[in-house]
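Below is one structure, written out as C-alpha cells; comments come after it.
There are 2 protein chains.
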Amino acid sequence: MISSLELAKLCKVSQGTVDRALHNRKGISKKTREKILEIAKTHGYAPNPAARELITGKSSIVGAAIPQMNSIFFMDLFTEIKEHLRAIGYRFVLAPFADEAELLEILADFSARRYCAAVVVPTQDNMSIPDQLAANMKILSVIAPVQGKNSQFITPDEVATGSLAAEFMAKQGHHNIIHLTYTRNSHAILARTKGFTDKAAELKLHVSVLKELDAEKLLSLIKQHKASAIFCHNDWLALETLRIIEREGIKVPDEISILGVDNSPTFNSLNSDITTIQYPHQWVGKQIAAIINGKKTALKTPILKVIKKRS
Amino acid sequence: MISSLELAKLCKVSQGTVDRALHNRKGISKKTREKILEIAKTHGYAPNPAARELITGKSSIVGAAIPQMNSIFFMDLFTEIKEHLRAIGYRFVLAPFADEAELLEILADFSARRYCAAVVVPTQDNMSIPDQLAANMKILSVIAPVQGKNSQFITPDEVATGSLAAEFMAKQGHHNIIHLTYTRNSHAILARTKGFTDKAAELKLHVSVLKELDAEKLLSLIKQHKASAIFCHNDWLALETLRIIEREGIKVPDEISILGVDNSPTFNSLNSDITTIQYPHQWVGKQIAAIINGKKTALKTPILKVIKKRS
DNA sequence: TTGTAGGCGTTATCAC
DNA sequence: GTGATAACGCCTACAA
Chain G
278 MISSLELAKL
288 CKVSQGTVDR
298 ALHNRKGISK
308 KTREKILEIA
318 KTHGYAPNPA
328 ARELITGKSS
338 IVGAAIPQMN
348 SIFFMDLFTE
358 IKEHLRAIGY
368 RFVLAPFADE
378 AELLEILADF
388 SARRYCAAVV
398 VPTQDNMSIP
408 DQLAANMKIL
418 SVIAPVQGKN
428 SQFITPDEVA
438 TGSLAAEFMA
448 KQGHHNIIHL
458 TYTRNSHAIL
468 ARTKGFTDKA
478 AELKLHVSVL
488 KELDAEKLLS
498 LIKQHKASAI
508 FCHNDWLALE
518 TLRIIEREGI
528 KVPDEISILG
538 VDNSPTFNSL
548 NSDITTIQYP
558 HQWVGKQIAA
568 IINGKKTALK
578 TPILKVIKKR
588 S
Chain L
278 MISSLELAKL
288 CKVSQGTVDR
298 ALHNRKGISK
308 KTREKILEIA
318 KTHGYAPNPA
328 ARELITGKSS
338 IVGAAIPQMN
348 SIFFMDLFTE
358 IKEHLRAIGY
368 RFVLAPFADE
378 AELLEILADF
388 SARRYCAAVV
398 VPTQDNMSIP
408 DQLAANMKIL
418 SVIAPVQGKN
428 SQFITPDEVA
438 TGSLAAEFMA
448 KQGHHNIIHL
458 TYTRNSHAIL
468 ARTKGFTDKA
478 AELKLHVSVL
488 KELDAEKLLS
498 LIKQHKASAI
508 FCHNDWLALE
518 TLRIIEREGI
528 KVPDEISILG
538 VDNSPTFNSL
548 NSDITTIQYP
558 HQWVGKQIAA
568 IINGKKTALK
578 TPILKVIKKR
588 S
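Which chain is which? The protein sequence lines are G and L, in order.
Using my numbering, read the first sequence as starting at 278 and increasing by one per residue.
Using my numbering, read the second sequence as starting at 278 and increasing by one per residue.
Next comes the structure, spelled out in C-alpha cells:
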C-alpha cells in the first residue's frame, strides 16, 4: 500500500506529475504517463479514497441504516438500491441497528465521515433525527418517514396498494375478508390498511382486521368471519399464514385465498403459489439514485399490479 | 459540522488544547476543558474519523462482503458478528456483491480505505484474493475458504455437523434417508455432506443424495428410496422441502422427518416445527472479534447440538 | 511539460 | 498548562 508520494519517488517525478498521470489529465507527456502507470501497477498502487474525500469535502459513499430485524424484503430492496447507486458511481454500505439509539449512533458516524447520504429504514413513524446529523447529508427514508431537516421519504402510494388489494379481492368474488397486519405504527402498515379498509367499505366488503399473527386467533377468526380470503401486509406474513392454514388441512386457494405484498425475487422460491402485489423495489432504487445524483426529474409513481401465482 | 481548528478558534485556544480536552488527556486545566467541551457541544462538534484514521494509519471499520443472494442465514450471522465487534469498539458495514468481480472491487475499496479487516462470504471454495488487497488488512472468510495471503477461514467443524445429523437420525430409528443439498462447491456444503455420508455408511444407513431441490425428483426419490427422513443442508432448504411434502399430503413428522441446520432466530417464526442443528452464530462472532482484537486465545470449537422442535 | 506549496481535519511532538 | 509545527495521503493552484 504505497502512497502517491512514494510512487512519485519511485518514478523520480513529483507528486503533481503522478496525479496528472493517474487522472488522465493534460499537461504530461505520453512517455512519463506510461512510465508512471506502469510502475503504479507493479506496485499495486491504489489511491486512498478517504484522503481524497477529506480534501474534496464530499464522499461517494451512501450509507444505509437498517433494522437488524431480519427481512428478505429489506435485502432485496437494498440490492436494488445498490445496483442503481453503483451505476452512477456511488458505493453503498449497510449498517444494521438493534434499536433507536444504535440507529442514531450509526447516523452520527455516517455524518462525521461526511457520507453523502443516509438511507434509513425506521422501525416506526416519525422518529426524529437531530438536525446536526442531517446538516451535511441527505436523509432518505423508506417504509416510514422520519422527522428532521434535510430528510425525504421515498415511498410508493401505499394507500393505493391497499385499495388495489380490495378491488382485486372483490373482483375475485370474495366478500368476507381478513386483513392481517402488524401492530407497529409505520407508514407502510397504516396506509396499506387504510387504503384496504376504505376501498373495502366502498365496495361493501366485510373486513375484519387482525393486527398480529396468532395461529389460534387467526383460525377462530376465519371460522367466525366465514372468511374466504386473507390480505396479508407482506409476503412473509402471507407465508406464515399459509403454513398455519395448510397445517389445519384447509386448502389454499380452494377454500381460502391469500394475497401478500412484495414479490421480491427471493420469495419466489418459497412462495411460488401466493398471489401478491408487486412492491416497486426498482422504482425505489431509481428514485434514491436520482435524488443523490441531484436530478430534479421526479419519477412517475409506479403502476401497481397484482401478480397472480395460482389460477 | 465544524472542525477542531474552528472549534479552537471559537474557544480562543489552540488546536492542541482542544485535542487534550476532547480526549481526556492530561496537561490541561479543568476549567479550560469544561469550557471547550461546553462549546463543542453547543456547536455539535464531532471529530471526523476519516481524518483520524488517515493519520493514525489504522481504522476501526470492519467491512463485510456478502453475496446479494438473499439469505436469512447471513443476516442473522452478521447481526451476531456486528454485536461482538461493537462490543470491542469496531464499526461493521456490509456491502453486497453480485459476482466475483464485484467482490474484488469491494475488497479493493476496503483495502484502499485501510479498513482493518474484511469478512467475506465467498460463493464457492478457494476464490483467490490478490495479495495486494490483503497487504494491509486481514481477510476473514466464513462458509468457504479463500486463497491468498493474510486470510483465515472461520468455521465450525462441518464434518462433525454432518456426522451429528447421521447419528441423530440413526438414533431416531431412521434407515432410508435422503440428503438434500446444493450443487455449489463450498466448504460448508461439501464437508457437511461428507460428514453425513461417512457416518451414515459407518452406521449402515441407506442414504441417497439429491443436489438440487426439484419437487418432482424429490417426491419420486422419496417413494423409490422408501425414505423416512430427509437431512437438508440448511433450514431454508428444509422449509422449501416441507412445503413440497406437505402439499402432497405427506405428514411431517409422522410419515417423514425433516432435519435442517441453522436455527437462526428468524427461522423460528416460520420453522418452529422443523428439527434442526444449531449453527454456532455466536461462536463465529466471538471468533472474528477475537482475531480482530489481536487475541491469540483460540476459542474452543463449539459443541454442536440438535434442536428438537416437534417430538 | 513539470515541480512546488498549501490545505483538508486530525494526532503527535516538540517547545515555551 | 498551553501553543506551534509536522505529518497522514491526496488534490488544486500556481510557479518555473
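By construction, the Cβ of each residue, glycine as well, lies at the ideal position given by its N, Cα and C atoms.
Here the structure is a predicted model, which is why all the values come from computation and not from measurement.
Taken in chain order, the complete beta strand (DSSP E) segments of 3 or more residues contained in the stretch 351 to 384 of chain G are 368 to 374. By the criterion of a C-beta distance shorter than 8 angstroms, Arg368/L is surrounded in its chain by Ser337, Ile338, Val339, Leu362, once the five residues flanking it on both sides are discounted. For the stretch 511 to 588 of chain L, the continuous beta strand (DSSP E) assignments of 3+ residues that do not extend past its boundaries occur at 534 to 539, 552 to 555, in sequence order. Take the alpha-carbon of Trp513/L and the one of Gly537/L: they are about 8 angstroms apart. By the CB criterion at 9 angstroms, Met404/L and Ser388/L fall outside the cutoff. By the 16-neighbour rule on beta-carbons within 10 angstroms, Ser291/L is exposed. The shortest CA-to-CA distance from Asp550/L to any of Ile535/G, Lys528/G, Arg524/G is the one to Arg524/G. Rounded to the nearest angstrom, the gap between the Cα atoms of Arg520/L and Pro399/G is 33 angstroms. Listed along chain G are Leu331, each with a C-beta nearer than 8 angstroms to that of Ala328/L.
Distance from the CA of Gln501/L to the CA of Ser485/L, rounded to the nearest whole angstrom, comes to 10 angstroms. DSSP lists Val370/G, Ala395/G as the bridge partner or partners of Gly340/G. Per DSSP, the unbroken alpha helix (DSSP H) holding His464/G starts and ends at 464 to 479. Here the alpha carbons of Asn545/L and Leu487/G stand approximately 21 angstroms from one another. Within the stretch 290 to 312 of chain L, no residue has its Cβ closer than 7 angstroms to any Cβ of chain G. Burial of Gln564/L is indicated by the presence of at least 16 other C-beta atoms within 10 angstroms of its C-beta.
Listed in chain order, the alpha helix (DSSP H) runs fully inside the stretch 294 to 331 of chain L are 307 to 319, counting runs of at least 4 residues. Counting along the chain, Ile431/G sits inside the beta strand (DSSP E) bounded by residues 428 to 431.
In chain order, Ile406, Ala411, Ile416, Ser418 place their CB closer than 7 angstroms to the CB of Ser428/G, counting only its own chain and leaving out the 5 sequence neighbours on each side.
Beta-bridge annotation (DSSP): Met404/G is paired with Val423/G. The three-state reading of DSSP puts Leu496/G in helix, counting H, G and I together. The straight-line gap separating the alpha-carbon atoms of Leu498/G and Ala504/G is approximately 8 angstroms. Note on Leu457/L: 16 or more other CB atoms within 10 angstroms of its CB, so buried under the neighbour-count rule. The C-beta of Asn427/L comes no closer than 9 angstroms to any C-beta of chain G. Our two residues, Ala298/L and Gly334/G, have alpha carbons roughly 26 angstroms apart in a direct line. Separation of the CB atoms of His510/G and Leu482/G is rounded to 17 angstroms, and the pair is thereby denied contact status at 8 angstroms. In this model, Gly366/L and His464/G are separated by some 34 angstroms (Cα to Cα).
Put simply, the CB of Ile349/G is near chain L, with a gap under 9 angstroms to one of its CB atoms. Within 8 angstroms of the CB of Arg390/L, the CB atoms of chain G belong to Asn325, Pro326, Ala327, in sequence order along the chain. CA-to-CA, the gap between Trp560/L and Glu479/G works out to about 55 angstroms. Look at the stretch 518 to 542 of chain G: the residues with a C-beta under 8 angstroms from a C-beta of chain L are Arg520, Glu523, Arg524, Ser541, Pro542.
Interface with chain L (9 angstroms Cβ-Cβ cutoff): Gln345/G is included.
Between the alpha carbons of Leu490/L and Tyr459/L lies a distance of about 8 angstroms.
At a beta-carbon threshold of 8 angstroms, the residues of chain G lying near Asp386/L are Pro326, Arg368, ordered along the chain.
Sixteen is the threshold: when 16 or more other Cβ atoms of the shown chains lie within 10 Å of the Cβ of Gln345/G, as they do, the residue is buried. Counting only the Cα atoms, Thr432/L lies some 9 angstroms from Thr578/L. The DSSP-derived three-state label of Ile349/G is helix.
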